[in-house]
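Data block below; observations after.
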Amino acid sequence: MICRLATKAMATRFELVLDGEDEGRLRAVGELALETIAECERTISPFLSASLIARVNARAGKGWVEVDADTFTLLETAQAVRRESLGAFDVTVAPVMEALGFRERATADLAAARGAVGGDALLLDRERSAVRFAREDLSLDVGGVGKGHALELAREVLCEHGIERALLHGGTSTVVALGAPPAAEAWSVALGPEPDAPLAHLRDAALSVSASHGRTVPATDGTAGRGHIVDPHTGRPLAGGIAAAVIDTDARRADARSTALCLARLPFCDPDRAPLAWARAVRVGGVPRWERAATAERGPNRIEHRDPRHQHRAQTA
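The opening residue of the sequence shown carries number 3 in our numbering; numbering runs sequentially from there.
So, in structure tokens, the structure goes:
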């Protein structure tokens, strides 16, 4: 029996697809998971003055600010991906996002905003579960991992209540799979609306798809809108119709890595740290051409090309 629930959070639609025998129980547990997603937004949104991240932004430049264990895990994961991507993903990019118009308090001083970015100044104390900024001009925007974080917390709720088969997504771009549908090896998710879009196969794993053609704000010079993926090094929005998909064991890490993969071709050389699968695409004539898919291990979690012309490009890392 399939039970579907949905809610609006983080300016997008979250949906839960739960599979089990007792519809009433599925719905009750699903409602708990949806409330967890809503509470996550209230905690990490920098746009809400009462949120924990807003408090960190206001106070961490002056001293240590204690955060809950889940938020600490979020920041710790973001910092790990920042290091492995050589700064291609950085949650301290908030001043640049503000300068580009992704916040209400837009500013034209992009050069100054770019100088305020620097994840090495974000200090984390695991023992104290606390955060501090080494510079007072630092500011966090965890939107790049926000949906993944919310879905991970929702997954925990489902697991705690014994739900074994479920598919969760936030805005269709971040997906978490629990188990697999009956008589199937894994859940299958298309990487786009195109008939030949690659399929991501997921079992007890997460998928994130990032693209430069997603959310935009109008450009001040009258040209096409600016994309929401910003290079922390240059302060410039990503151009060129790039997309990337990452399958990982953790949705937060998948979110961060897919963003970083749009900006840099990460080698993922260390098999102990590599995602389960990943792929990259360039849009040509409005249609994404997926260049390659790679997997770090054999198993159900993989990205499969459906266009026979690209089958030979799939490879094992």
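Beta carbons are placed, not taken as given, at the ideal position from N, Cα and C, and that holds for glycine.
Integer-rounded CB distance, given that residue j should sit under 8 Å from residue i
i    : j    : result
A207 : T251 : 6 Å
L169 : V177 : 7 Å
T9   : I39  : 6 Å
W280 : I231 : No, W280 and I231 are not in contact; Cβ-Cβ is about 16 Å, not under 8 Å.
L209 : P200 : At roughly 11 Å, the Cβ-Cβ gap does not stay under 8 Å, so L209 and P200 are not in contact.
Residue i - containing beta strand (DSSP E), residue span
i    : result
H307 : Careful: H307 lies outside any beta strand (DSSP E) and carries neither H nor E.
V178 : 176 to 180
L204 : 201 to 204
F135 : 132 to 135
T9   : 4 to 11
F16  : 14 to 21
A213 : 207 to 213
D127 : 124 to 127
L170 : 167 to 172
A192 : 189 to 192
Straight-line gap, residue i to residue j (C-alpha atoms, nearest Å)
i    : j    : result
A246 : D233 : 15 Å
L76  : H151 : 7 Å
V69  : E129 : 11 Å
A186 : R205 : 10 Å
M12  : V286 : 30 Å
L54  : P197 : 42 Å
G243 : R6   : 33 Å
A188 : A62  : 43 Å
K149 : A296 : 24 Å
V95  : F16  : 25 Å
S47  : H203 : 31 Å
P184 : L102 : 47 Å
I4   : V289 : 33 Å
R57  : S51  : 8 Å
G181 : M99  : 37 Å
W44  : T73  : Per the sequence shown, the amino acid found at residue 44 is Arg instead of Trp. Their Cα atoms are separated by approximately 12 Å.
A115 : P97  : 5 Å
R85  : L240 : 20 Å
L36  : L155 : 10 Å
A221 : L265 : Because the pLDDT of A221 is 44, which lies under 50, any placement of that residue in the model is unreliable, and the question is left without a value.
D143 : H307 : 34 Å
G89  : L278 : 22 Å
A1   : L125 : Residue 1 lies beyond the residue range present for the chain, which begins at 3 and ends at 319; the question has no answer from this structure.
Where the alpha helix (DSSP H) through residue i begins and ends
i    : result
T236 : Taken as a continuous stretch (DSSP letters only), T236 belongs to no alpha helix (DSSP H), as it is neither H nor E.
H230 : No alpha helix (DSSP H) contains H230, which DSSP labels as neither H nor E.
A82  : 71 to 86
H151 : 145 to 162
A40  : 25 to 46
A60  : 54 to 61
Would you be able to state if there are at least three C-beta pairs under 8 Å between the region 48 to 68 and the region 123 to 138?
-> yes
Any contact of the region 159 to 175 with the region 11 to 29, i.e. 3+ C-beta pairs under 8 Å?
-> yes
Which runs of the alpha helix (DSSP H), 4 residues or longer, sit entirely within the region 244 to 283?
-> 253 to 265
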